[in-house]
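Sequential numbering from 144 applies to the sequence shown in the numbering used here.
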Amino acid sequence: MIILAATPIGNLGDASKRLVEALTTATVIASEDTRVTIHLLKALGIENRPRLISLHDHNERGKAAELVELARDTDLLVLSDAGMPTVSDPGFHLVDAAVAAGVVVSALPGPSAVLTALAVSGLPTDRFTFEGFLPRKHGERTTLFRELAAERRTMVFFESPNRLAASLLDLAAVFGAERRVVVCRELTKFYEEVKRGTATELAEWAAGGVRGEICLVVAGAEVRVLNLSDGVAEVIALVASGIRLKDATADVSAASGLSKRDLYEAALQQKAPKTVRSEH
């Protein structure tokens, strides 16, 4: 079978007993970085030296079929550098191929940056969505945030410390300056830090420079009840700030439940700024 094993995200003490047993008895391990795996074995005092196969984003599709066939005859332990394989880490294509080929897939649960950040955030945990790594470019981040502007579930993202300040500014611009945000830095490590505040407050904090691995937890959108007149006023304000009329009506519609068509037509009929024009 194929066994997906969660590894510590920072603190070696989080290595489960089942993980240690699996590493001790494994004959073949497919890992994101074999050097990290060798270090993990040494750090845990495990003398076993299994065959190591590199499995990363750039070669996974090409190696999946070969590894699936290997797993028909022996247990294949699959590791990412930290956390659970397949969750913003290699492993999905391998699992997909294994399922299609009828090869059993199992998992050894363990540390998860997503769930750890969610748990300590103080934001609602009953419903949430994991969005993975934020796009690198400003325009792509803004597009993603607009797609999520009306999302009512708590959202969890991964982000580079070097782009955190810029991403928080984009988030504040789209979600609103007062949206509640939590930045979780270096979870389970010695310098673990959890910063809570509004999108604007945390953007100002991050501007001073941030280090380490980052999880970003964002409160979901609150349901707003608007009449058509108030909704149109918001559309016109968004257009005046440089957003296209079509996008502005979509954003306000998603947040309020008002009809996009009604908002669009009403905005055209009002004495709006010259930037408001028909886009048919």
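By construction, the Cβ of each residue, glycine as well, lies at the ideal position given by its N, Cα and C atoms.
Beta strand (DSSP E) containing residue i: first to last residue?
| i | result |
| --- | --- |
| K338 | E336 to T341 |
| G275 | F271 to F276 |
| A146 | It is worth fixing the name first, because residue 146 is Ile in this sequence and not Ala. Segment I145 to A148, the beta strand (DSSP E) holding I146. |
| S197 | R194 to S197 |
Rounded to whole angstroms, what is the Cα-Cα separation between residue i and residue j?
| i | j | result |
| --- | --- | --- |
| I172 | I189 | 14 Å |
| R420 | Q412 | Note that R420 scores 49 on pLDDT, short of 50, meaning its location in the model is unreliable; the coordinates nonetheless yield the value given after this. For R420 and Q412, the distance between alpha carbons rounds to 10 Å. |
| N202 | A208 | 11 Å |
| A148 | R270 | 25 Å |
| T177 | R289 | 39 Å |
| D224 | A316 | 34 Å |
| G245 | M227 | 22 Å |
| A243 | H199 | 20 Å |
| T418 | G282 | Low local confidence applies: a pLDDT of 49 at T418 is under 50, so the model's placement there is unreliable, with the coordinate-based value given in what follows. Whole-angstrom Cα-Cα distance: 20 Å. |
| K116 | L291 | The structure shown does not extend to residue 116, since the chain spans only 144 to 423, so no value can be given for it. |
| V353 | V324 | 16 Å |
| A398 | G205 | 43 Å |
| A415 | I379 | Residue placement at A415 cannot be trusted, given a pLDDT of 49 that sits under 50; what the coordinates show is reported in the next sentence. Roughly 6 Å separates the two Cα atoms. |
| N305 | P278 | 13 Å |
| A410 | F318 | 21 Å |
| S159 | G234 | 20 Å |
| L369 | A376 | 10 Å |
| L219 | I357 | 30 Å |
| T193 | D216 | A small fix is needed here, since residue 193 is Pro in this sequence, not Thr. Straight-line Cα distance between these residues: approximately 16 Å. |
| T180 | E408 | 60 Å |
| S197 | A186 | 20 Å |
| F364 | M298 | Here the sequence assigns Ala to residue 364, which means Phe is not the residue at that position. If you take the alpha carbons of A364 and M298, they lie about 10 Å apart. |
| T150 | G355 | 18 Å |
| S231 | L261 | 16 Å |
Would you kindly report the start and end of the unbroken alpha helix (DSSP H) that includes residue i?
| i | result |
| --- | --- |
| G153 | No alpha helix (DSSP H) contains G153, which DSSP labels as neither H nor E. |
| R161 | K160 to T168 |
| L330 | From DSSP, L330 is part of no alpha helix (DSSP H); its letter is neither H nor E. |
| T392 | L388 to S399 |
| S255 | First-last for S255: undefined, no H or E at that position. |
| G205 | E203 to L213 |
| L287 | H281 to L291 |
| V178 | Residue 178 is actually Arg in this sequence, not Val. Element bounds for R178: T177 to A186. |
| V221 | Looking at the DSSP string, V221 is not in any alpha helix (DSSP H); the run it does join, the beta strand (DSSP E), is L219 to L222. |
| S402 | Run containing S402: none; DSSP gives neither H nor E here. |
| D313 | L307 to F318 |
Reducing DSSP to helix, strand and coil, say where residue i ends up.
| i | result |
| --- | --- |
| R354 | coil |
| V382 | helix |
| T418 | For T418, the predicted structure reports a pLDDT of 49, less than 50, and the residue's modelled location is therefore unreliable. The matter cannot be settled from this model. |
| T297 | strand |
| V248 | strand |
| V230 | coil |
| R323 | strand |
| E302 | strand |
| A173 | strand |
| L411 | helix |
| V473 | Because the chain in this structure spans residues 144 to 423, residue 473 falls outside the shown range and cannot be described. |
| L359 | strand |
| A240 | helix |
| T259 | helix |
| G374 | helix |
| D200 | coil |
| E347 | helix |
Please look up how many angstroms separate the CB atoms of residue i and residue j, rounded, as I've assumed it's under 8 Å.
| i | j | result |
| --- | --- | --- |
| L213 | I146 | Not confirmed; about 13 Å, so no contact. |
| N191 | T331 | No, N191 and T331 are not in contact; Cβ-Cβ is about 25 Å, not under 8 Å. |
| A362 | R322 | 6 Å |
| A308 | A349 | 4 Å |
| D394 | L381 | 7 Å |
| L184 | L166 | 6 Å |
| L326 | L359 | According to the sequence as given, residue 326 is Val; it is not Leu. About 6 Å separates the two Cβ atoms, so the contact holds. |
| L311 | L345 | 5 Å |
| T285 | D313 | 5 Å |
| E302 | F273 | With 8 Å as the limit, E302 and F273 do not qualify as a contact, their Cβ atoms being about 13 Å apart. |
Taking 7 Å as the line, does the beta carbon of residue i fall inside it for any heavy atom of the ligand PLP?
| i | result |
| --- | --- |
| D200 | This structure lacks the ligand PLP; in fact it carries no ligand of any kind. |
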